[in-house]
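To convert a position in the sequence shown, counted from 1, into the working numbering, add 1239.
To start, the structure under review is shown below, and the notes come after it.
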Amino acid sequence: MKPSSIFKKLQAHQHIKCFTVFFLMLAPVPYLIVKCNRFSNSAFLSLLFFTGWFIWTFAEYVLHRFWNHAKDVDKNNSIVQRHHHHHTHPTEISISATQRIIMMFIVCSLVGLSLWLNSYVMILAGMGTGIFWFFQMHYFLHQKWAKKIFPVLVRYHVVHHCKEPDTCFGITTSWWDRIFGTTPHKDKKISEKVIAFYYKKEKTTGNGFLVSSMIDEKLNHVGLGE
Ligand SMILES: [Zn+2]
Ligand SMILES: [Zn+2]
1240 MKPSSIFKKL
1250 QAHQHIKCFT
1260 VFFLMLAPVP
1270 YLIVKCNRFS
1280 NSAFLSLLFF
1290 TGWFIWTFAE
1300 YVLHRFWNHA
1310 KDVDKNNSIV
1320 QRHHHHHTHP
1330 TEISISATQR
1340 IIMMFIVCSL
1350 VGLSLWLNSY
1360 VMILAGMGTG
1370 IFWFFQMHYF
1380 LHQKWAKKIF
1390 PVLVRYHVVH
1400 HCKEPDTCFG
1410 ITTSWWDRIF
1420 GTTPHKDKKI
1430 SEKVIAFYYK
1440 KEKTTGNGFL
1450 VSSMIDEKLN
1460 HVGLGE
């Protein structure tokens, strides 16, 4: 069997594993929602909201792992290339402050509408909040101050960007990485050179190029550029 077809089989196996675990975790939720609806309206709406948010955290993980880092697509695939660019230019984040404010407005409207209608729309409000928080958190993870507030998530994101692009796919949570075994190696040290590259605002020069080409190599090694 060709190495590429073995690789495709492994990828398919990973997809099936992730989705099976997710649906098993989600299986009791419809029953709980119906139960909650009978005895407490606020518990019912809260459960719907957190279900929507939980669904998004999984979507965030699988989209990043299997879509942004797709290994069996053409190397000119625009989604993969755009993501590759963000890995090698960590300070360039394409979502602007205005877009984030618009998103916040949409999410607040959805929550308000769900409360008013007292309905299952709250699941969408939970997912919308998850999406908004994802973009917000990604911005935070690239700010120096964030490592004091979100030390684990910042470490995971730096490792993912610069050292092990085949680990740490979660942005707002790390639990899917823990469940699916994509956490970083514990003893992995992050050098000052990598930290400087990750936070640097100006164009990369000198050591920056070294780190950038090292990341290119790692991304290509795990199949991104092939
Ligand atoms: Zn990033
Ligand atoms: Zn990535």
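The C-beta atom is built at its ideal place from N, Cα and C for all residues, glycine as well.
Predicted, not measured: the structure shown is a model, and the values here were computed from it.
Setting aside the 5 residues that flank it on each side, H1303 is surrounded in the same chain by F1408, each with a C-beta closer than 6 Å to its C-beta; the list follows chain order. Taken atom to atom, the span from the alpha-carbon of F1389 to that of P1404 is near 20 Å. DSSP places F1288 within a helical segment (H, G or I) once states are collapsed to three. In this structure, N1307 has its CB closer than 6 Å to one or more heavy atoms of ligand 2.
Shown here, S1430 sits in coil according to DSSP, grouped into three states, outside any helix or strand. Contact between the segment 1351-1365 and the segment 1291-1305 is present: 3 or more CB-CB pairs across the two stretches fall below 8 Å.
Burial check for P1269: the Cβ neighbour count within 10 Å stays below 16, so the residue is exposed.
Per DSSP, H1323 is one residue of the alpha helix (DSSP H) stretching across 1317-1327. The beta carbons of Y1437 and V1397 sit closer together than 7 Å. Following the DSSP letters along the chain, one finds C1275 inside the alpha helix (DSSP H) bounded by residues 1268-1278. Judged by pairs of C-beta atoms under 8 Å, the segment 1335-1349 does not touch the segment 1253-1268, as fewer than three such pairs exist.
If you draw a straight line from the Cα of C1257 to the Cα of P1423, it is about 18 Å long.
F1371 counts as buried, since at least 16 other C-beta atoms from the protein chains shown sit within 10 angstroms of its C-beta. Looking only at T1412, I1429, K1428, the smallest Cα-Cα distance to T1421 is reached by T1412.
Where R1417 is concerned, the enclosing alpha helix (DSSP H) starts and stops at 1414-1418.
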